[in-house]
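As structure tokens, the structure follows; a few thoughts come after it.
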Amino acid sequence: MRKFNIRKVLDGLTAVSSSSSASSSSQQQQSGNRETDIPETLQSEHFQLCKTVRHGFPYQPSALAFDPVQKILAIGTQTGALRLFGRPGVECYCQHDSGAAVIQLQFLINEGALVSALADDTLHLWNLRQKRPAILHSLKFNRERITFCHLPFQSKWLYVGTERGNIHIVNVESFTLSGYVIMWNKAIELSSKSHPGPVVHISDNPMDEGKLLIGYESGIVVLWDLKSKKADYRYTHDEAIHSVAWHHEGKQFICSHSDGTLTIWNIKSPAKPLQTITPHGKQLKDGKKPEPCKPILKVEYKTAKAGEPFIILSGGLSYDTVGRRPCLTVMHGKSTAVLEMDYSIVDFLTLCETPYPNDFQEPYAVVVLLEKDLVLIDLAQNGYPIFENPYPLNIHESPVTCCEYFADCPVDLIPALYSVGARQKRQGYSKQEWPISGGNWGLITQSYPEIIITGHADGSIKFWDASAITLQVLYKLKTAKVFEKSRSKDDRPNTDIVDEDPYAIQIISWCPESRMLCIAGVSAHVIIYRFSKQEVTTEVIPMLEVRLLYEINDVDSPDGEQVPPLPTPGTGSNPQSIAPQSHPSTSSSSSDGLRDNVPCLKIKSSPLKQSVGYQIELVIQLVWVSGEPPQQITSLAVNSAYGLVVFGNCNGIAMVDYLQKTVLLNLGTIELYGSNDPYRREPRSPRKTRQPSGGLCDINEGTAVPEDRCKSPTSAKMSRKLSLPTELKPDLDVRDNSFSRSRSSSVTSIDKESREAISALHFCETFTRKADTSPSPCLWVGTTLGTVLVIALNLPPGGEQRLLQPVIVSPSGTILRLKGAILRMAFLDTTGSLIPPAYEPWREHNVPEDKDEKDKLKKRRPVSVSPSSSSQEISENQYAVICSEKQAKVISLPSQNCVHKQNITETSFVLRGDIVALSNSVCLACFCANGHIMTFSLPSLRPLLDVYYLPLTNMRIARTFCFTNNGQALYLVSPTEIQRITYSQETCENLQEMLGELFTPVETPEAPNRGFFKGLFGGGAQSLDREELFGESASGKASRSLAQHIPGPGGIEGVKGAASGVIGELARARIALDERGQKLGELDERTAAMLSSADSFSKHAHEMMLKYKDKKWYQF
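So the sequence shown is residues 812 to 1927, counted in my numbering.
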């Protein structure tokens, strides 16, 4: 037997080990010399890992803010994420390190800065004047919980309300506390015996900055005079307050309450409200109070020069509206519009023409942040239509169950998909421009087309244009429309193998060049689609049923060395029907009444109108066998040049000729081996009583044990929860963060050892056997036990003959072995270039073409490079690259020598491996369950990158992670968001240029004109010198133990970006101080206390002096 050497690679130097027998050394050397002829251009410096962009709806949103001058929207989430949106295509994602929930956001309007308040009682100042925003300062409150913040327009003093009912004031330039504090016991009536509750609202009077309106949860509202440090008025109501809003003239304000009422107050009449409204309350006779309603969580009061003011509120519905969707109510004059939302309302903001609170507001739109959507309502048009949302926020419209990513696609693909998708657009949107229009686009340095395909739980598939770090939906395909929908649960047939989402997509196989699309669904169904720009009506949907079972009879087991001939199409093992038929509940063989020969889903029998885009070519369904449900499909491949589709599961493999609509191959996995089965498995029949197998969603089985995950696939019991990607695919829970498996895997773990699943399939034109002298079409099959088998394909000539003559398939006898389940296979030519699978270029199928055209359309086949040396006995002119979940091998063909081998991981396992093109070369990219991302050169498998990126915290990541060409990769980071990353050094360097700019220099609008008489009689807005009140000289220093200042990591880059404005100057000064090492020392508590008392004494002495300065002696 020949010995093979493993080439070991260290620091880029290759060394051939010399311990080989004399008979094989010359041949090894010969092949070795030829290997070194392949120049490998990729080096470690070509690789760098970084996040690029995050797309989709912010998961679990909790806060909302808008800059009316910059026109930028900010959304905070419960996991501490911050998403910023400008014009379509300008988006940014930031993250607070603590991961605490964002409770409030406040823009420093037109300053390029944002303050975030978090649930862990920290305040952070973000600099938005750089492409990747960073925190400049943080302030951590130690003794009090933050409940509400307010930053007046063009002020540097931020009011911070707390759970204790106190209000502290923060200088946003230095992020330090002022000594000025409004204590709760000073604000409320002295006679009041109870605590007023947390601060739920703070705002200054639009016409007088010196008057601060404070709302307490219990129902007390206080108008506080900042100068005199006392309450001017107190307004008491017996219902808890949720929010407060001013009329722009500053004479009235409105409160929303927990009983569904609104109270309007005149500031000078604190005794009782001017008016009480119950927007959704039923007016009772006899002048009784209306029935209480649900709380009004927020109210806004916006005025317009022409016409009545708008009162906009969320909540407040009556209690008898059970099951009614959440509503936003718009009251305008005498009309009340109730706008139903799909999800519960998190927050809303009214967009107005002016940033000045003391001017007519002129509202034009409302931004409504829902739990799973963002809606913009046009207030200027009748009926309040919504704006068409240009952001890709509907990725999660139905939960994502799988993803595929294609970079460097044919250039005509995106326009073709866009043109068919444009017809799917809804009507009735607002005709106005999208109002969130801030920022500028980055430079487009990447010019190649990128497409992302997402498969969803409802059976829909979405195609997205992902070119140049943007994302835009192109086209949506609904695969479920081919099946009959069961109207009720009683009506539903008992053939379902999943309780819900029976149409969920599990695997997508797509050929971009031919545009052929093939999907595998959770109900063991496969649908093949062809792209067309012509609408057609299909009278009868082409359909095949496949009885793929795990069963070998002793009589049939072969005794020779050769694999038995394959069953011919149409024999008993391949029940098939092209037209839909009425399925018998039991077959003739099942006398015991077990379900047999029934598919899980019922195909529509009526004609199907197929619009432009993807149209059904063929539906294939696996059927029940003797009471056993069909096992879910674990791998899938389609090839347009051959007209074949192949799929496998843990029972076996089936190949279908979709042109002739026939089953070509239907074998149990063991039958593929013939007598070469290395496991010596006993043939057995499937057990009669089995639990149905699990589905895609709502499955829970806790977390995986690390020891459990690291067992070898060849161990006696295959009990790993995560190990096999084939197990992973059907059983990942996309809605839950925990590791999970199916309710019951339909086979015991002992039985599973012999149940070898098909985990990888690859059509190619290569050498099938050692003796081959030329490549021919074949299928490479990888299994979960690490075996690679080769099936030869004998295709009839093209044209009409292809439809008349049968395709002949036969196992070649070639068997290769790796450690761990096979994940991916690819082929290289003698130059080390990737050999793409053969394909047929796309053409319009629904239009009959001329005979000349038919002759021109010859199928493109890859050309094999002939070797330069003719004296060689065997021309080794291809390399197979095989990646399993443990190792990778490069095998020389046709000799089948293993020329390179790399053990990728010992303790973990590879979840995703892809052979991708990068910088005019090819490499293998892997993502491991231990969170490492690795790349290896080809063909030598030299390690080029190994970075710990992210731990596998949930199955969603494992299910959706994929690499593609040009150093791109992505995964679903949350149920609603796609995270794109790059492992290319070049893309990392260009990223800064590609990112959009959030901040653009814009002139602040002019302040409203006070008018002659208002100026003369003092009726206009009263300004306040806040510096004089809150500065250190007037109010002293705050207690050091109250809050702790933390300098941010915004760094010098952030300051360079901040050109001017309140934030920029101070940040620049702070960095200069830090650079010179002049850091402030910490004073101990005693010194701080002494200084504070000295300041206080000095202040009181100064006040006494001012009081008596101009008085005569007799006035004392």
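Note that CB positions come from ideal geometry on N, CA and C, so glycine has one too.
When the Cα of residue 1717 is compared with those of 1695, 1704, 1841 and 909, which residue comes out closest?
-> 1695
Cutoff 7 Å; reference residue 1628; Cβ partners in own chain excluding five residues on either side = 1597 and 1598
Exposed or buried, which one is residue 1061 when buried takes at least 16 other CB atoms within 10 Å?
-> buried
Are there 16 or more other CB atoms within 10 angstroms of the CB of residue 1697, so buried, or fewer, so exposed?
-> buried
For residue 996, which of helix, strand or coil comes out of DSSP?
-> helix
May I have the straight-line CA-CA distance separating residue 1701 from residue 1422, to the nearest angstrom?
-> 45 Å
Sub-8 Å separation of residue 1093 and residue 1106 beta-carbons = no
Candidates 1138, 1165 and 1152: which alpha carbon is nearest residue 1113's?
-> 1165
Which runs of the alpha helix (DSSP H) spanning at least 4 residues fall entirely within the region 1742–1829, listed in chain order?
-> Counting only runs of 4 or more, we get 1766–1771, 1796–1805 and 1823–1828.
Please name the residue, chosen from 1615, 1464, 1625 and 1348, that lies closest to residue 1583 on a Cα-to-Cα basis.
-> 1625
Return helix, strand or coil for residue 1480, following the three-state DSSP convention.
-> helix
Check the C-beta distance from residue 1413 over to residue 1324 and give it rounded, since I have them as a contact under 8 Å.
-> That belief does not hold up - the Cβ atoms of residue 1413 and residue 1324 are roughly 34 Å apart, past 8 Å.
Which ranges does the beta strand (DSSP E) cover as unbroken runs of at least 3 residues, wholly within the region 1134–1208, from first to last along the chain?
-> 1138–1143, 1146–1151, 1156–1163, 1174–1181 and 1185–1189
Going by C-alpha distance, which of 1712, 1804 and 1568 is nearest residue 1251?
-> 1804
Between the region 1329–1339 and the region 1639–1653, are three or more C-beta pairs nearer than 8 Å?
-> no
Whole beta strand (DSSP E) elements within the region 1402–1476, 3-residue minimum | 1419–1421, 1424–1433, 1446–1450, 1455–1459 and 1463–1468
Look up residue 867 in the DSSP assignment and say whether it is helix, strand or coil.
-> Here residue 867 sits in strand by DSSP.
Within 8 Å, strictly: CB atoms of residue 896 and residue 883 = yes
Cα-Cα separation, residue 1858 to residue 934 | 12 Å
Which of helix, strand or coil DSSP assigns to residue 1578 | coil
Host alpha helix (DSSP H) of residue 901 (start-end) = Boundaries cannot be given for residue 901, as no alpha helix (DSSP H) includes it and DSSP labels it neither H nor E.
Validate contact between the region 967–979 and the region 995–1007 using beta carbons, cut 8 Å, 3 pairs | yes
Could you check how far apart the C-beta atoms of residue 1129 and residue 1104 are, in whole angstroms? I think they sit under 8 Å.
-> 5 Å
Bounding residues of the alpha helix (DSSP H) (the contiguous stretch that carries residue 1122) | Not the alpha helix (DSSP H): residue 1122 falls in the beta strand (DSSP E), residues 1121–1126.
Using the Cα positions of residue 943 and residue 959, report the straight-line distance between them to the nearest angstrom.
-> 27 Å
Quick one, which of 1842, 1760 and 1741 has its alpha-carbon nearest residue 861's?
-> 1760
How would you call residue 991, buried or exposed, if buried means at least 16 neighbouring beta carbons within 10 angstroms?
-> buried
Which first and last residues belong to the alpha helix (DSSP H) in which residue 1229 is found?
-> 1224–1232
Could you give the distance in angstroms between the alpha-carbon of residue 1710 and the alpha-carbon of residue 1703?
-> 6 Å
8 Å CB neighbourhood of residue 880 in its chain, flanking five on each side removed = 920, 921, 1166, 1813, 1815 and 1816
Contacts around residue 982, its chain only, beta-carbon distance under 7 Å, and the 5 residues preceding and following it disregarded = 967, 968 and 989
Tell me the DSSP bridge mates of residue 986?
-> In the DSSP output, where bridge partners are listed per residue, residue 986 has none listed.
Check whether the Cβ atoms of residue 1162 and residue 1178 sit closer than 8 Å, and answer yes or no.
-> yes
Rounded to a whole number of angstroms, what is the C-alpha to C-alpha distance between residue 1946 and residue 1644?
-> Lying outside 812 to 1927, the shown extent of the chain, residue 1946 is not represented and no answer is given.
When you compare only the Cα positions, how much space is there between residue 854 and residue 1735?
-> Cα to Cα, residue 854 sits roughly 13 Å from residue 1735.
At what residues does the beta strand (DSSP E) containing residue 1285 begin and finish?
-> Its beta strand (DSSP E) spans residues 1283–1289.
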